[in-house]
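Novice: Add 141 to a position in the sequence shown, counting from 1, and you land on the number used in the working numbering.
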Amino acid sequence: MKYVDYIIVGGGISGCVLSYTLMKYGASVQLYDLPKANKSSVVASGLWNPVVLKRMKKVWKADAMMEALHTVYPEMENWTDKTFFEPLPIRRVFHNAGEQNQWAAHSDHPSFSPYLKEGVSDVPAHVIANHGSGLMKQTGRVNVSTMLNAVQSKLKETDGFTEAEFDWSRVESHGDGVRYGSLAAHAVISCEGAQSALNESTLNVSGFAPVKGEVITVQLDSDLQKECIHQGHFMIGEGDGKALVGATYAWDGFHEGPSQLKRVELEEHVRKVWSGSFATTSHKSGVRPAVKDRKPLVGPHPTHHKTWVFNGMGSRAILMTPYLAQTLVEHFMYGTALLEECLPQRMVKESGSDES
Ligand SMILES: Cc1cc2nc3c(=O)[nH]c(=O)nc-3n(C[C@H](O)[C@H](O)[C@H](O)COP(=O)(O)OP(=O)(O)OC[C@H]3O[C@@H](n4cnc5c(N)ncnc54)[C@H](O)[C@@H]3O)c2cc1C
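1. If you measure between the beta carbons of V213 and T162, is that distance less than 8 Å?
2. In whole angstroms, what is the alpha-carbon distance linking V200 and V192?
3. From the DSSP output, in three-state form, read off Q279 for me.
4. Can you tell me the Cβ-Cβ gap for E298 and L175, rounded? I've got them flagged as a contact below 8 Å.
5. Could you name the residues of the same chain whose beta carbon sits closer than 7 Å to that of L276, not counting the 5 residues immediately before and after it, in chain order?
6. Under 8 Å, do E471 and T462 count as touching if we go by C-beta distance?
7. Classify W244 as helix, strand or coil using the three-state DSSP reduction.
8. Do V319 and V499 count as a contact pair if the criterion is CB distance below 8 Å?
9. Buried or exposed: M474, going by 16 or more other Cβ atoms within 10 Å of its Cβ?
10. Identify, in the order they occur along the chain, each residue of the same chain with its Cβ nearer than 6 Å to the Cβ of M142, setting aside the five sequence neighbours on each side.
11. Do the segment 404-417 and the segment 373-381 touch if we need at least three Cβ pairs shorter than 8 Å?
12. Write down the C-beta distance between A466 and F349 rounded to the nearest angstrom, noting that I regard them as a contact closer than 8 Å.
13. Three or more C-beta pairs closer than 8 Å, one from the segment 216-231 and one from the segment 380-390: is that the case here?
14. Helix or strand or just coil, what does DSSP make of I459?
15. In its own chain, which residues sit with a C-beta less than 8 Å from the C-beta of G417, not counting the 5 before and 5 after it?
16. So does N284 have its beta carbon nearer than 7 Å to some heavy atom of ligand 1?
17. Please state if the CB of C157 and the CB of M288 are separated by a distance shorter than 8 Å.
18. Could you tell me whether any non-hydrogen atom of ligand 1 is closer than 7 Å to the CB of K199?
19. Roughly how many angstroms lie between the CA atoms of H327 and N340, to the nearest whole one?
20. Any heavy atom of ligand 1 closer than 7 Å to the beta-carbon of P430?
21. Count the other CB atoms, across all protein chains shown, that sit within 10 Å of the CB of I154; report buried if there are 16 or more and exposed otherwise.
22. Spell out the partners DSSP gives K192 in its beta bridges.
23. Which of helix, strand or coil does DSSP assign to N290?
24. Determine which residues share a DSSP beta bridge with N452 and list them.
25. Leaving out five residues on either side along the sequence, give the residues of the same chain with a beta carbon under 6 Å from the beta carbon of S342.
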């Protein structure tokens, strides 16, 4: 029998950041993942941004999340000896003079000034910004595929990674913990992301409202440099004239893959912000594991013994997971309080059902 402290199910952004955090605090983990089934992290653009630009509001717990993010990803780079954390300025292109004024007012405010520079009018060649633009500070991008591969490779060195589907029906109580075949653990944590959100996991978790997203890659007629242009959608320069454009939102068609309708929407967006020519070279879709009340699901499973949930990251897994993993692991290690608003139990009460 092999013993580990925690079994983690799912090796997307959530499972990888949580695995690292548990190990940082001295716990051992066994990570199960079926990379081929990943419907969310493999499509993620990897951006982080603490401000909801459309409403000029800070994201929930933005300051604490930014602090954790700037600590954890560089540590993970050191741990894996791989580079995937990249500061990248986001340039908000204003729709009108009102947005420009609102930006100026916010950039002076102490709560926003760490994240917003003053409005600027000089924009890269070919970018259309008739009402000017503002640059953000402290924004950036994680190369998600590199990070996931790096963590999985690192865990393989100590036999801590299993590339297989985890079958919840085989989990048994074992002393004060759980047993899964010849593996015993203190507890098991579901980081099943989109699979759970789409009800494709045999562990029922309530409260999801999944959101489909699509991105296209375009070849521009000249290079955008390393910039992210944001005007409703984003366009990220990836070098050699390549740019990633996204992301869309839809609440259906989860199993239908990329759609012509959203491709047209994204190509129209490029025409709005880019005065040169371009050609679309690829198109992908994925599903965000979003939650009805827009808060993640972090805490004990409402009915399953020694089973925990770390999911519901919606469209902000990069920003939220370092902070949320820290709160969960500190709860395990020191008994500190969990975030009340994230407990999975709240969704069972809301729906009145007892999911198991
Ligand atoms: C188009 C698009 C763009 C996005 N852009 C961004 C962005 O710029 N920034 C950002 O922060 N977020 C972005 N997101 C959201 C982000 O992708 C998700 O929040 C994030 O990927 C969720 O990660 P996760 O690890 O919780 O779940 P997932 O990515 O779904 O990973 C779950 C993993 O668990 C595995 N798994 C599930 N069940 C089992 C099982 N029983 N056994 C074994 N393995 C299992 C799956 O195969 C998968 O590998 C975007 C999403 C989309 C669709």
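No residue lacks a Cβ here, since even glycine has one placed at the ideal position from N, Cα and C.
Specialist: Taking the geometry as given:
1. yes
2. 6 Å
3. coil
4. Actually they are not in contact, since the Cβ atoms of E298 and L175 sit about 20 Å apart, beyond 8 Å.
5. P230, R232, K258 and V261
6. Contact: no.
7. helix
8. Outside the modelled stretch of the chain, which goes from 142 to 497, sits residue 499, for which no answer is possible.
9. exposed
10. S323 and A325
11. Pairwise C-beta distances place the segment 404-417 in contact with the segment 373-381, as three or more of them are shorter than 8 Å.
12. Not really, about 20 Å apart at Cβ, beyond 8 Å.
13. no
14. helix
15. H267, L361, D362 and S363
16. no
17. It is a contact, given that the beta carbons lie within the stated cut-off.
18. No, the beta carbon of K199 sits no closer than 7 Å to any heavy atom of ligand 1.
19. The alpha-carbon atoms of H327 and N340 are separated by roughly 26 Å.
20. yes
21. Its Cβ being crowded by 16 or more others within 10 Å, I154 is buried.
22. The question names Lys, yet the displayed sequence has Val at residue 192. DSSP lists K199 as partners of V192.
23. Of the three classes helix, strand and coil, the one that applies to N290 here is helix, per DSSP.
24. L438
25. E333 and Q336
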